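Numbering (the UniProt record's numbering), first residue to last: 1 to 570. Every residue gets a Cβ at the ideal spot worked out from N, C-alpha and C, and that includes glycine. As the structure is a prediction and not an experimental result, all values here were calculated from the model.
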């Protein structure tokens with residue numbers, strides 16, 4: 001790749017190499033991407049899912065055909081450019097065929113969290129303007145059919161469906177839940193606007209494939225592709241609209257950045273309604289000619305067996321999930337011998353069967369940038385610096401500004417990180433561009449950090465989360481990463497609390513794995529060997545899962561946790 005544009009002003013403004021110089025890219029629309037990988041890998045295995053005694057195995061050709069069938073079915077219902085189609089499912093094959101099938105029609109997919117409460121689901125459906133919802137009727141104890149009937153009682157009245165509660169919704173397409181724990185309280189076929197998945201697909205057979213092919217020729221990388229929702233820890237989740245190109249660029253990038261040299265068999269314990277798991281798993285698997293090994297919802301016992309049986313090579317998850325695996329009775333008989341790539345995988349690497357020496361490249365991104373905007377390439381020695389989050393990726397421009405004045409600060413000085421580039425969102429639904437981007441088109445992330453003259457980003461966490469203790473800045477993220485590597489930790493969130501002489505004191509709030517007994521002195525000694533002394537928490541507080549404040553998406557409510565920690569210390 002060429003040389004990034006020079007910055008001779010001495011200011012914290014850096015432009016990466018042009019996107020045109022990025023290696024390894026293929027087609028940049030979603031239908032074009034799927035055609036590209038399916039043409040390359042054809043009969044190779046692309047999707048695997050175990051469900052009881054049954055196993056679904058799709059080749060790349062199968063994935064294409066299944067996606068085409070969804071596109072035909074949606075087209076038969078009038079879906080096309082300008083339409084928004086919701087996906088409310090666990091990680092299952094139909095999720096993937098829905099995602100690509102929606103894109104083939106020219107419509108925009110809207111990914112909805114299976115953790116949603118009724119009020120959150122109502123907000124998401126109405127904000128996004130979903131007209132057709134593809135959904136799984138039950139997920140564990142959640143009954144989404146009952147939720148929809150509660151939100152829009154006219155769904156049960158029969159006849160033509162219209163609802164003032166869900167004014168955009170016109171049709172529901174449902175599948176049986178693969179994780180259902182209880183019988184439904186409302187039968188999906190009792191809803192006037194509901195169609196079973198099989199009937200939905202069958203009705204699309206009348207649409208000629210040539211019509212879908214013709215549509216795909218006018219689906220452009222710059223078209224809307226998908227809509228995600230922010231985690232919403234302090235307010236209602238924001239609807240984030242992304243282009244087709246935002247997805248496909250990240251799909252193509254992961255194998256290069258992670259130095260994946262073989263077809264990757266990829267597993268995740270996290271839902272595809274989050275940007276990171278979706279881009280990492282789909283991109284690492286399909287762009288390398290590998291396979292997605294699907295698990296509907298994370299269960300540590302099933303995951304250990306699945307990883308062994310399917311010879312998984314890439315594991316994407318969170319340290320607390322690895323801790324749950326370690327605490328499982330199946331840990332001793334687990335087999336990680338095929339696993340090469342693990343996100344924050346110290347616990348997995350500690351298993352006797354592990355033989356990987358791969359190191360996760362430091363990277364930074366947000367949902368607004370469709371995951372990463374900076375990253376190292378695996379194997380770069382500079383990755384050893386935990387504070388360095390890699391080089392700005394091609395096509396991106398980054399500046400660091402004073403959070404109050406908005407003026408660009410001198411190179412190397414701390415401030416607010418601002419970004420623009422090819423994976424930056426089109427915007428927030430319902431917000432004007434001037435309320436979202438600055439006058440130069442930059443998105444102000446709300447994250448603190450600085451850059452060097454080589455384009456490396458040193459990220460320090462959310463500006464309002466950075467802990468200032470004894471005159472030093474401490475990133476909770478860095479501390480939580482270290483704590484998560486300690487055996488028995490299920491969740492961890494570090495906060496700063498007021499202190500008379502230090503300004504703030506570092507406090508770690510931890511939920512142990514069920515049955516684990518965390519020795520605070522041992523954990524403190526563990527952290528002292530990995531962190532500078534001023535970063536080691538002055539207080540370590542243990543919480544039960546029930547007392548830990550979480551959103552429906554399992555994001556920590558940091559403000560509430562601070563209050564609880566202060567009460568505990570008082």
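Out of 319, 133, 358, 324, which has the shortest C-alpha to C-alpha gap to residue 338?
-> The residue you call residue 338 lines up with position 338 of the chain shown. Considering only alpha carbons, the answer is 358.
Would you kindly work out how many angstroms separate the C-alpha atoms of residue 543 and residue 523, rounded to a whole number?
-> Position 543 of the chain shown, counted from the start, is the residue given in the question as residue 543. Position 523 of the chain shown, counted from the start, is the residue given in the question as residue 523. So the alpha carbons of these two residues sit roughly 15 Å apart.
For residue 72: DSSP bridge partner residues = Residue 72 sits at position 72 when you count from the first residue of the chain shown. According to DSSP, residue 72 bridges with nothing at all.
With which residues is residue 372 paired in a DSSP beta bridge?
-> The residue labelled residue 372 in the question sits at position 372 within the chain shown. 365, per the DSSP bridge assignment.
Name the DSSP beta bridge partners of residue 450, please?
-> Sequence index remark: in the chain shown, residue 450 carries index 450 (1-based). DSSP, once it has assigned bridges, lists 458 as partnering residue 450.
DSSP three-state assignment for residue 426, whether helix, strand or coil = Position 426 of the chain shown, counted from the start, is the residue given in the question as residue 426. In this structure, residue 426 counts as coil in the three-state DSSP scheme.
To the nearest angstrom, report how far apart residue 74 and residue 184 are at their CA atoms.
-> Reading the chain shown from its first residue, position 74 is the one you call residue 74. Reading the chain shown from its first residue, position 184 is the one you call residue 184. Each residue's Cα considered, the two are about 26 Å apart.
Alpha carbon to alpha carbon, what distance is there between residue 220 and residue 35?
-> To locate residue 35, count along the chain shown from 1; it is residue 35. To locate residue 220, count along the chain shown from 1; it is residue 220. Residue 35 and residue 220: Cα-Cα distance of roughly 14 Å.
From residue 341 to residue 348, what does the alpha carbon distance come to, in whole angstroms?
-> Taking the chain shown and counting its residues from 1, one reaches residue 341 at position 341. Taking the chain shown and counting its residues from 1, one reaches residue 348 at position 348. If I take the Cα positions, the gap works out to 10 Å.
Under 8 Å between C-beta atoms of residue 237 and residue 484 | Residue numbering aside, residue 237 sits at position 237 when the chain shown is read from its first letter. Residue numbering aside, residue 484 sits at position 484 when the chain shown is read from its first letter. No, Cβ-Cβ distance for residue 237 and residue 484 is not below 8 Å.
Start and end of the beta strand (DSSP E) containing residue 174?
-> Locating residue 174 in the chain shown gives position 174, counting from the first residue. Note, residue 174: beta strand (DSSP E), 171-175.
Counting only the same chain and skipping the five closest in sequence on each side, list residues whose C-beta sits under 8 Å from that of residue 57.
-> Within the chain shown, residue 57 is the residue found at index 57, counting from 1. If we look at residue 57 and ignore the five residues flanking it on each side, its Cβ neighbours are 45, 47, 48.
With 16 other CB atoms within 10 Å as the buried threshold, where does residue 84 fall?
-> Along the chain shown, read from residue 1 onward, the residue named residue 84 stands at position 84. The residue in question, residue 84, is buried, as its Cβ has 16 or more Cβ neighbours within 10 Å.
Counterpart residues of residue 241 in DSSP-defined beta bridges | Reading the chain shown from its first residue, position 241 is the one you call residue 241. Residue 241 pairs with 227, 427.
Using 10 angstroms around the beta-carbon of residue 190, count the other beta-carbons present and answer buried if the total reaches 16, otherwise exposed.
-> By 1-based counting over the chain shown, the position of residue 190 is 190. Flag for residue 190 reads exposed.
Just curious, the beta strand (DSSP E) that residue 54 is in, first and last residue?
-> Here residue 54 corresponds to residue number 54 of the chain shown, with the count starting at 1. Per DSSP, residue 54 belongs to the beta strand (DSSP E) from 54-59.
With burial defined as no fewer than 16 other Cβ atoms inside 10 Å of the residue's Cβ, what is the status of residue 135: buried or exposed?
-> In the chain shown, counting from the first residue as 1, residue 135 sits at position 135. Residue 135 comes out buried.
DSSP state of residue 14, grouped into three classes?
-> As a working note, residue 14 is residue 14 in the chain shown. Strand.
Is the beta carbon of residue 457 less than 8 Å from the beta carbon of residue 509?
-> Start at 1 with the first residue of the chain shown, and residue 457 comes out as number 457. Start at 1 with the first residue of the chain shown, and residue 509 comes out as number 509. Not a contact, by the Cβ cut-off of 8 Å.
For residue 234, count neighbouring C-beta atoms within 10 Å of its own C-beta (all shown protein chains included) and say buried if the count is 16 or more, exposed if not.
-> Along the chain shown, read from residue 1 onward, the residue named residue 234 stands at position 234. In this prediction, residue 234 scores a pLDDT of 49, lower than 50, which makes its location untrustworthy; the coordinate-derived value is nonetheless stated afterwards. Its Cβ having fewer than 16 others within 10 Å, residue 234 is exposed.
Between residue 642 and the rest of its own chain, which residues show a CB-CB distance below 8 Å, the 5 nearest in sequence each way excluded?
-> No statement about residue 642 is possible, as the shown extent of the chain runs from 1 to 570 and does not include it.
Limits of the beta strand (DSSP E) - the one that residue 50 falls within = Indexing the chain shown from 1 puts residue 50 at position 50. From DSSP, the beta strand (DSSP E) with residue 50 extends over 45-51.
Ordered along the chain, which non-local residues of its own chain (more than five positions away) have a Cβ less than 8 Å from that of residue 164?
-> Within the chain shown, the letter at position 164 stands for residue 164. Residues of the same chain with their beta carbon placed closer than 8 Å to that of residue 164 are lacking, with the five preceding and five following residues left out of the count.
Taking all protein chains shown into account, decide if residue 24 is buried (16 or more other Cβ within 10 angstroms of its Cβ) or exposed.
-> Start at 1 with the first residue of the chain shown, and residue 24 comes out as number 24. That one is exposed.
Cβ contact (3+ pairs, closer than 8 Å) linking the segment 400-414 and the segment 450-468 | yes
For residue 351, three-class secondary structure by DSSP | Position 351 of the chain shown holds residue 351. Of the three classes helix, strand and coil, the one that applies to residue 351 here is coil, per DSSP.
Buried or exposed by the 16-neighbour rule on C-beta atoms within 10 Å, applied to residue 422 = Taking the chain shown and counting its residues from 1, the one referred to as residue 422 is at position 422. Buried is the call here.
Pull up the DSSP beta-bridge partners for residue 359, would you.
-> Indexing the chain shown from 1 puts residue 359 at position 359. For residue 359, which the question treats as bridged, DSSP gives no partner whatsoever.
C-alpha gap between residue 345 and residue 527, whole angstroms = Here residue 345 corresponds to residue number 345 of the chain shown, with the count starting at 1. Here residue 527 corresponds to residue number 527 of the chain shown, with the count starting at 1. For the pair residue 345 and residue 527, the Cα-to-Cα distance works out to about 17 Å.
In the DSSP assignment, find the beta strand (DSSP E) that holds residue 508 and state where it starts and stops.
-> To locate residue 508, count along the chain shown from 1; it is residue 508. Segment 503-512, the beta strand (DSSP E) holding residue 508.
Spell out a yes or no on whether the segment 392-407 and the segment 362-380 are touching, meaning 3 or more CB-CB pairs, one atom from each, closer than 8 Å.
-> Segments in contact, yes.
Have a look at 227, 536, 88, 529 and flag the residue whose alpha-carbon is nearest the alpha-carbon of residue 107.
-> Position 107 of the chain shown holds residue 107. Nearest of 227, 536, 88, 529 to residue 107, Cα basis: 227.
Please name the residue or residues paired with residue 443 in a DSSP beta bridge.
-> For the purposes of this step, residue 443 is taken as the residue at position 443 of the chain shown. In the DSSP output, where bridge partners are listed per residue, residue 443 has 419, 437.
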